[in-house]
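**Student:** Residue numbers (this note's numbering), protein chains in the order written: chain A, 432 to 510; chain B, 57 to 418. Sharing a structure with you now.
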Amino acid sequence: MSDIKTLIIAELEKIIAAKGEACPDIVGETRFLQDLPMDSLDLATLLVTLELETGKDPFRDGFKGFQTLNELSALYQAA
Amino acid sequence: MTSELPGDTSAAASRQAIILSYDESAPLLVKAMVNAIHLGHQLDKPVIFLRDNRTPIPDVLPDKFCVGLQTSGTTGVPKLVFHQWDKLLPAKTLSPDSRWLLCYHPMSFAGLQVILQAVCSGATLIADTSASLEQKSRLALTHKVNAISLSPSQFRVMSLCWQDDKPQLTRLTFGGEICDQHTLELARDLFPDTSIRHIYAATEAGVVFTVADGKAGFPADWLGKPGLPWLLEVKDEELMLVRDGQTLATGDRVSLSSERCLFKGRLDSIANVAGAKVDLEALEHEFMALPGVVDCRVYTRANPITGALVCLEVVAGTDESDTRSEIDRLCTQLPPTHRPRIIQFTPHLTLSQAGKKIRSTP
Numbered sequence: 432m433s434d435i436k437t438l439i440i441a442e443l444e445k446i447i448a449a450k451g452e453a454c455p456d457i458v459g460e461t462r463f464l465q466d467l468p469m470d471s472l473d474l475a476t477l478l479v480t481l482e483l484e485t486g487k488d489p490f491r492d493g494f495k496g497f498q499t500l501n502e503l504s505a506l507y508q509a510a
Numbered sequence: 057m058t059s060e061l062p063g064d065t066s067a068a069a070s071r072q073a074i075i076l077s078y079d080e081s082a083p084l085l086v087k088a089m090v091n092a093i094h095l096g097h098q099l100d101k102p103v104i105f106l107r108d109n110r111t112p113i114p115d116v117l118p119d120k121f122c123v124g125l126q127t128s129g130t131t132g133v134p135k136l137v138f139h140q141w142d143k144l145l146p147a148k149t150l151s152p153d154s155r156w157l158l159c160y161h162p163m164s165f166a167g168l169q170v171i172l173q174a175v176c177s178g179a180t181l182i183a184d185t186s187a188s189l190e191q192k193s194r195l196a197l198t199h200k201v202n203a204i205s206l207s208p209s210q211f212r213v214m215s216l217c218w219q220d221d222k223p224q225l226t227r228l229t230f231g232g233e234i235c236d237q238h239t240l241e242l243a244r245d246l247f248p249d250t251s252i253r254h255i256y257a258a259t260e261a262g263v264v265f266t267v268a269d270g271k272a273g274f275p276a277d278w279l280g281k282p283g284l285p286w287l288l289e290v291k292d293e294e295l296m297l298v299r300d301g302q303t304l305a306t307g308d309r310v311s312l313s314s315e316r317c318l319f320k321g322r323l324d325s326i327a328n329v330a331g332a333k334v335d336l337e338a339l340e341h342e343f344m345a346l347p348g349v350v351d352c353r354v355y356t357r358a359n360p361i362t363g364a365l366v367c368l369e370v371v372a373g374t375d376e377s378d379t380r381s382e383i384d385r386l387c388t389q390l391p392p393t394h395r396p397r398i399i400q401f402t403p404h405l406t407l408s409q410a411g412k413k414i415r416s417t418p
């Protein structure tokens, strides 16, 4: 698994644990808002944390669609 | 001294004005500023102090001696404001025995006020423009500083460095930000014999008033009362300054009680988080009131999902884990949009060059 995927999963687990929710297994096709107990604010928290951790902001030039772990990882790998 | 031009200004500007650009590491920067003022006075040309070279210089400049300063840019692009010399001079010169420490940016309105007070009163000025606040707190001790003018945020950082040894201050003046009761009491506890006051001033308006009664805000009966440089009015909870038919909207929100007019924050400290309006300064006051929180900064970080996200930077007292528990407890009581999502503990807050809390990170 790529470093960025490992990082995203670790941050997701932290965000979900902070909500007091159980975190299901996360795989490449896991959809953030549909398959995980998280809302848009949690997703925003993930993106801000990733920017702080990696120094990368794939959305600097505008919003790019993504739904799954694989899709978000690809955006960071390309950034 | 020679006129100095930043790269993006027109050649015409150099013929019309004496321009000094900020360079943090320049030795004797304050002396160069005083020399520039002296030269501008002699040549009857405007003097421009540029904190930020990106600020455009207007094509048409005043044709007489005056001083151009940039606004702090807390809420937007800094702009250049020209001040008549007599409006910049201190209304009252203080003791020549004063030993001032320059804490503000030397090219800010507040910084220049400190410089001019020291020069006009023949006092001593200690200035190290590249020093951190921790270094400045040590400078205050080593140089036996007895007069300081600074922002409440700067004071809270420096007060942490003065727990064992502190300067013998005769005068402590707050400016640049809302001075809340908590900070005034902290100052009173640390410096019980010091004259403590807070100034309300803006680069566009100059010094408007000074409050010396140890209470936050200002007496409500000052509203509409002549005698101050500007007439004070409140319109839709915003403090307005009126003079000679000119009305200046300050952008400062106030609340009125029977005796006091209290500052509540900037109108533009309202952030939009996932469609909800969040008053960052009001939220910050809630965290500031928690046990163990010495200082904090509530700010937003931009993101493509919710537009902004509330974040918190905290300076904790002795026990960080107890403070964290208090913060977590408050967070559970806040609406999800108001809850800080990134919480960082830090020895000191991130402040702007003007010593103010930065409210948003792009």
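Just so it is clear, CB atoms sit at the ideal spot from N, CA and C, and this is done for glycine as well.
#1: Apart from the five residues on each side of it in sequence, which residues of its chain come closer than 8 Å, Cβ to Cβ, to N328(B)?
#2: So if I threshold CB-CB distances at 9 Å, which residues from the region 328-339 of chain B count as touching chain A?
#3: Tell me the residue span of the alpha helix (DSSP H) that contains I383(B).
#4: Under 8 Å between the Cβ atoms of R357(B) and V479(A)?
#5: Please classify Q237(B) as buried or exposed, where buried requires at least 16 neighbouring CB atoms within 10 angstroms.
#6: List the residues of chain B whose Cβ lies closer than 8 Å to the Cβ of V479(A), in chain order.
#7: P392(B) touches chain A at which residues, Cβ-Cβ below 7 Å?
#8: Quick one, are the C-beta atoms of M163(B) and L189(B) less than 8 Å apart?
#9: Name the chain A residues whose beta carbon is nearer than 7 Å to that of T362(B)?
#10: Per DSSP, E294(B) forms a beta bridge with which residues?
#11: In angstroms with no decimal places, state the Cα-to-Cα distance between F319(B) and I75(B).
#12: For the region 245-259 of chain B against the region 380-391 of chain B, are there 3 or more C-beta pairs whose distance is under 8 Å?
#13: Can you tell me the Cα-Cα spacing of R194(B) and L150(B), whole angstroms?
#14: Using three-state DSSP, classify E60(B) as helix, strand or coil.
#15: Pull up the CB-CB distance for C159(B) and W141(B), whole angstroms please, since I reckon it's below 8 Å.
#16: If we count Cβ pairs, one from each stretch, closer than 8 Å, do we get three or more for the region 256-265 of chain B versus the region 296-316 of chain B?
#17: Might you give, ordered along the chain, the residues of its own chain that have their beta carbon closer than 6 Å to the beta carbon of G496(A), omitting 5 neighbours on each side?
#18: Give me the residue from K222(B), A338(B), A88(B) and T406(B) with the minimum Cα distance to V371(B).
#19: What does V263(B) pair with, by DSSP beta-bridge criteria?
#20: Using the C-alpha atoms, what's the distance from D292(B) back to K281(B)?
#21: Closest Cβ-Cβ distance between S66(B) and chain A: below 8 Å?
#22: For F138(B), which residues of its own chain have a beta-carbon under 6 Å away from its beta-carbon, when the five flanking residues on both sides are left out?
#23: Can you find the residues in the same chain that come closer than 8 Å, C-beta to C-beta, to L438(A), ignoring five residues on each side of it along the sequence?
**Tutor:** In terms of the structure at hand:
#1: V334, G363 and A364
#2: V329 and A330
#3: E376 to Q389
#4: yes
#5: exposed
#6: Near V479(A) (Cβ distances below 8 Å), the residues of chain B are R357, N359, L365, C367, R397 and I398.
#7: L472
#8: It is not a contact, given that the beta carbons lie outside the stated cut-off.
#9: In chain order: S471, L472 and A475.
#10: K291(B) and R309(B)
#11: 35 Å
#12: no
#13: 24 Å
#14: Its pLDDT being 41, under 50, E60(B) is placed unreliably by the model, and nothing is read from it.
#15: With a Cβ gap of about 24 Å, C159(B) and W141(B) do not count as contacting.
#16: yes
#17: none
#18: Measuring from the Cα of V371(B), the nearest candidate turns out to be T406(B).
#19: A257(B)
#20: Whole-angstrom Cα-Cα distance: 19 Å.
#21: Here the model assigns S66(B) a pLDDT of 46, short of 50, so the residue's position is not dependable, and the following value carries that caveat. So no, S66(B) is outside the interface.
#22: P118, C122 and G124
#23: L481, E484 and T485
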